[in-house]
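Heads up, the thing below is written out as structure tokens.
Numbering (the numbering used here), first residue to last: 126 to 239.
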């Protein structure tokens with residue numbers, strides 16, 4: 126039995142988040158290491174191939190970085206240490222590959238800092 130990646134839960138560092146989550150605390154954002162995995166039924170990890178990472182405030186891009194694989198670069202992790210309320214982090218054009226499933230594709234995650 127297999128199904129398309131539901132993407133109901135994503136894992137940012139050790140923080141599992143429901144996909145409909147729209148905000149995260151600044152403290153939680155500082156712990157983000159990347160998008161660890163997207164899980165497909167029956168719990169086969171779908172490797173993340175890469176994504177575009179941004180930090181924005183009022184539509185202005187403060188930091189941008191293209192990531193290969195799942196983990197943020199040291200530079201991106203350092204930028205997250207200075208994140209503050211009112212900014213948002215964006216994981217754009219997330220690419221993944223699920224073995225044995227035709228559900229490869231893209232997904233975006235946008236989280237406001239509360």
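Each residue gets a CB set at the ideal place from its N, CA and C atoms; glycine is no exception. If you're wondering where the values come from, they're calculated on a predicted model, not measured in any experiment.
Next item on the list: Rank 155, 239, 145, 154 by C-alpha distance to the C-alpha of residue 211 and give the top, closest one.
Entry: When each option's Cα is compared against that of residue 211, the closest is 239.
| message | Can you give me the C-alpha to C-alpha distance between residue 189 and residue 214, rounded to a whole angstrom? | response | Each residue's alpha carbon lies about 10 Å from the other.
Practice task
Compute the distance between the beta-carbons of residue 187 and residue 157, then report whether it is under 7 Å.
Solution key: Going by C-beta atoms, residue 187 is not nearer than 7 Å to residue 157.
Q. Distance, Cα to Cα, residue 220 vs residue 171?
A. Counting only the Cα atoms, residue 171 lies some 10 Å from residue 220.
Which residues in the same chain have their Cβ closer than 6 Å to the Cβ of residue 200, if we skip the five residues on either side of it in sequence?
-> If we look at residue 200 and ignore the five residues flanking it on each side, it has no Cβ neighbours.
- residue 185 - partner residues in DSSP beta bridges: Answer by DSSP bridge pairing, in chain order: 182.
Can the beta-carbon of residue 161 be found closer than 7 Å to that of residue 208? Result no, Cβ atoms of residue 161 and residue 208 do not sit closer than 7 Å.
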